[in-house]
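K.L.:
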C-alpha cells in the first residue's frame with residue numbers, strides 16, 4: 001500500500017501504454033483474459049499513447065467479444081492475419 005507521499009509521486013506521471021508495444025496475455029480458463037482484452041480495447045483511447053486510429057482483434061475461437069467489437073467498429077479476423085491486412089490498418093494501430 002502506498003502512503004500519501006509515495007502516492008503523490010505517481011499522480012502526475014504519464015502511466016499510459018506507449019505504442020508500439022508487445023503484450024502477452026495468458027492464464028488459465030476463467031482467469032479474466034477476455035475481460036482484460038475487452039477493457040483494454042474499450043479504454044484504448046484513454047490508456048494508450050498515441051491513441052490508436054484502428055484496432056484489429058484476432059481470435060482463435062469465436063467468442064462473445066467478436067460481435068461486440070464489430071458493433072464498435074473494431075476490425076476482427078479469425079486466426080493469424082496476413083501481413084498485408086496488418087499493413088493496411090490505419091496507423092497508429094492496435
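Numbering (full-length UniProt numbering), first residue to last: 1 to 94. Glycine included, every Cβ here is placed at the ideal spot set by N, Cα and C.
Look at the Cβ atom of residue 56, then the Cβ atom of residue 81, and state whether they are nearer than 8 Å.
P.N.:
Taking the first residue of the chain shown as position 1, residue 56 is located at position 56. Taking the first residue of the chain shown as position 1, residue 81 is located at position 81. Contact: yes.
K.L.:
State the beta-bridge partners of residue 76 as determined by DSSP.
P.N.:
Stepping through the chain shown from its first residue, residue 76 is reached at position 76. Residue 76 pairs with 57.
K.L.:
Given this structure, state the Cα-to-Cα distance separating residue 28 from residue 34, to the nearest angstrom.
P.N.:
Along the chain shown, one-based indexing puts residue 28 at 28. Along the chain shown, one-based indexing puts residue 34 at 34. Approximately 11 Å between the Cα atoms of the pair.
K.L.:
Considering residue 21, what are the terminal residues of the alpha helix (DSSP H) in which it resides?
P.N.:
Position 21 of the chain shown, counted from the first residue, corresponds to residue 21. Neither: residue 21 is in no alpha helix (DSSP H) and is coded neither H nor E.
K.L.:
Apart from the five residues on each side of it in sequence, which residues of its chain come closer than 6 Å, Cβ to Cβ, to residue 18?
P.N.:
Here residue 18 is taken as the residue at index 18 of the chain shown, counted from 1. Only 49 meet the Cβ criterion.
K.L.:
Do residue 20 and residue 52 come within 8 Å of each other at the CB atom, strictly closer than that value?
P.N.:
Taking the chain shown and counting its residues from 1, the one referred to as residue 52 is at position 52. Taking the chain shown and counting its residues from 1, the one referred to as residue 20 is at position 20. No. Outside cutoff.
K.L.:
Using 10 angstroms around the beta-carbon of residue 69, count the other beta-carbons present and answer buried if the total reaches 16, otherwise exposed.
P.N.:
Counting from one through the chain shown, the residue named residue 69 turns up at place 69. The residue in question, residue 69, is buried, as its Cβ has 16 or more Cβ neighbours within 10 Å.
K.L.:
Taking 8 Å as the limit between beta carbons, can you name the residues of its chain near residue 75, skipping five residues before and five after?
P.N.:
Taking the first residue of the chain shown as position 1, residue 75 is located at position 75. Same-chain partners within the cutoff: 54, 55, 56, 57, 89.
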